[in-house]
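Numbering (my numbering), first residue to last: -4 to 119.
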């Protein structure tokens, strides 16, 4: 599990794995963020074939280093349709003849996936 400090990674471990006893703390009101409680990565076995790793929290998380194409590529269900839009730089919003929007309309892509994509590229 990877995420910002104070997002509940260790709390989730405790909920999923009885007896894990991963350390947790309250959110810092002064900083309005999580406090570093987990100081090293720890592996928890779920069964013979699966495990969870609780990792120290990140202070900041962002996608600014990724291009719209990088983010688009992270949505595998978009891949068959990307490149078939009328505009090469289509962001799948208001552009006409968008193959991704058509795939949503045809039920090939769940509408929430397109909403998530749009939120991720907003403000670029």
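From the three backbone atoms N, C-alpha and C, an ideal C-beta is built for every residue, glycine too.
Quick one: what's got a C-beta closer than 8 Å to residue i's C-beta in the same chain, skipping five residues either side?
i: residue 109; result: 87, 95, 96 and 99
i: residue 79; result: 94
i: residue 115; result: 58 and 66
i: residue 35; result: 51
i: residue 113; result: 86, 87 and 88
i: residue 61; result: none
Compute the Euclidean distance between the alpha carbons of residue i and residue j, then round it to the nearest angstrom.
i: residue 106; j: residue 39; result: 35 Å
i: residue 76; j: residue 63; result: 15 Å
i: residue 10; j: residue 42; result: 16 Å
i: residue 7; j: residue 44; result: 19 Å
i: residue 16; j: residue 4; result: 12 Å
i: residue 68; j: residue 14; result: 39 Å
In the DSSP assignment, find the alpha helix (DSSP H) that holds residue i and state where it starts and stops.
i: residue 7; result: 4 to 11
i: residue 94; result: 94 to 100
i: residue 107; result: 106 to 116
i: residue 65; result: 63 to 68
Where does the unbroken beta strand (DSSP E) through residue i begin, and where does it stop?
i: residue 43; result: Residue 43 -> no beta strand (DSSP E), and no H or E assigned at all.
Measure from the alpha carbon of residue i to the alpha carbon of each residue in the options, then state which is nearest.
i: residue 12; options: 52, 2, 46 and 102; result: 46
i: residue 101; options: 83, 72 and 2; result: 72
i: residue 49; options: 83, 68, -4 and 3; result: -4
i: residue 74; options: 91, 103 and 61; result: 103
Starting from the C-beta of residue i, find all residues in its chain whose C-beta is less than 7 Å away, skip the five residues before and the five after it, and write them out in chain order.
i: residue 85; result: 93
i: residue 118; result: none
Please go through the same chain and pick out, in chain order, the residues whose beta-carbon is closer than 6 Å to the beta-carbon of residue i, but skip the five residues on each side of it.
i: residue 90; result: 82
i: residue 37; result: 49
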